[in-house]
Structures are given as structure tokens and as C-alpha cells.
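Numbering (my numbering), first residue to last: 125 to 341. We treat Cβ as the ideally placed atom computed from N, Cα and C, and that holds for glycine. If you're wondering where the values come from, they're calculated on a predicted model, not measured in any experiment. Heads up, the thing below is written out as C-alpha cells.
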Ligand code: G3P
């Protein structure tokens with residue numbers, strides 16, 4: 125399973141990349157706005173840190189022509205920039221056009237299997253179902269049920285679109301997505317940090333060090 129960082133904070137991405145567990149980065153307009161930095165310069169910095177790994181940069185236009193214009197400019201920043209397009213009819217026709225130009229697309233704001241099937245048919249390289257928002261707004265567990273459905277359906281039709289689990293709220297989401305065979309999870313840095321932790325690891329290490337210290341007296 126691949127881990128992407130869901131962040132537009134260059135310092136945070138610089139901190140996490142050397143750990144060797146990060147395989148890409150996703151951003152969105154809210155994260156770019158939160159960073160307070162200009163879009164193109166920020167994506168250029170992140171793309172350089174990621175050294176060839178996919179970096180998703182989202183368009184803000186909502187019409188087909190505007191999306192293509194923004195996508196063309198974003199894709200010229202670096203070869204590893206992936207264009208993030210919303211799951212709308214205009215977004216999906218732009219997805220087909222970009223695919224024909226060999227520009228990779230990540231289809232975002234996906235909340236149903238029907239939407240995920242359209243993204244695959246339109247040639248998306250990545251599909252981003254938002255599991256946390258489904259849990260928040262539909263019912264707990266609705267997000268993972270969608271991941272299960274997408275993974276199962278994609279397998280049956282040999283789609284090559286990768287399932288990128290987004291809107292992750294907890295370590296449970298990551299573990300469940302891995303068991304279901306999702307390709308990628310994109311993680312807020314805080315949750316990536318939490319993945320290392322277990323109370324029994326701390327307790328065990330404390331005991332090992334205490335015993336060692338006692339034996340050296
Ligand atoms: O980048 C898309 C997604 O991961 C956003 O998550 O927490 O805003 O629902 P969230």
C-alpha cells in the first residue's frame with residue numbers, strides 16, 4: 125500500500141519525505157489556501173521534494189475549457205504533477221482530454237460507486253473517495269463500504285485506475301483500507317505520525333531499558 129501526504133505545507137513534506145514511507149503528495153484548494161503560499165510556486169517546491177512521485181494539484185475552474193487551461197499550466201510545472209479534477213460532467217470530459225494527452229488525473233470528491241465507475245471509464249489514473257466525509261454525513265462505516273465496493277468492482281473489470289482513499293480521519297481507516305486492497309491512502313501528517321505509535325511499544329521499550337539499566341549496576 126502506498127502512503128501519500130495530504131498537505132500543502134512544504135516544511136511538513138520536507139520533514140516526512142526522508143522517512144522513506146511517503147510515496148506521493150495530494151493537495152487541494154483548501155490546503156493551498158491554509159498554507160498561505162501561491163499555488164504554482166508551492167506545487168513546484170513539493171514536486172521537487174517528491175522526486176518523481178505523484179503530486180496532485182487541483183484546478184479551481186468549474187468549466188471544461190477553464191479546467192483544461194489550468195491543467196495545462198499546472199502540468200508544465202513538473203513531470204510528476206497529477207491534475208486533480210472534481211467529479212462533475214465538465215471534470216470528466218476534461219479528464220478524457222487530459223488522458224489523451226498522457227496527463228495523469230486524480231478525480232476528487234467521489235462519494236459513490238457510480239461516480240468511481242465514471243472516473244475509471246474516463247481514464248483517471250487515481251480516484252479519490254472521501255471516506256471521512258461519508259462517515260460524518262451518511263453513517264459511520266459508509267466510507268469503508270464504498271472502498272470495498274470500488275475495489276471489488278474495479279477488479280471485475282480490470283480498470284487500471286488506482287483507488288486513493290482520501291478524507292482519512294483515523295488509523296482504523298488506513299488499516300481497513302489496506303485489508304480491502306485499496307492502492308493508496310492519503311494522510312494528514314498527524315495521522316501518519318500516529319501510525320508509528322502503540323501504548324504497548326512504549327511500555328515494552330520502557331521495561332527493556334529499565335531491565336538493562338538494572339543489570340548494569
Ligand atoms: O484532499 C482531499 C481530502 O483528503 C480532504 O479531506 O479531511 O477535508 O475531508 P477532509
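On a CA-only basis, which of 239, 280, 285, 295 is nearest residue 270? Give me that one, please. 239
As a quick check of your reading: which residues have a C-beta less than 6 Å from at least one non-hydrogen atom of ligand 1, in chain order? 130, 150, 152, 254, 256, 257, 290, 291, 310
Any contact between the region 209 to 224 and the region 188 to 200? By contact I mean 3 or more CB pairs, one from each, below 8 Å. yes
My assumption, with CB atoms under 8 Å, is that residue 229 sits in contact with residue 237. Please give the rounded CB distance. Contact flag wrong, Cβ pair sits at about 19 Å.
Is it buried or exposed for residue 180, if we count other Cβ within 10 angstroms and need 16 for buried? buried
For the putative contact between residue 259 and residue 248, defined by C-beta atoms under 8 Å, what is the C-beta separation to the nearest angstrom? No, residue 259 and residue 248 are not in contact; Cβ-Cβ is about 23 Å, not under 8 Å.
What runs of the alpha helix (DSSP H), each 4 residues or longer, lie entirely inside the region 198 to 276? 213 to 224, 237 to 245, 255 to 261
Classify residue 278: buried if its beta carbon has 16 or more other beta carbons within 10 angstroms, exposed otherwise. buried
So for residue 285, helix, strand or coil by DSSP? coil
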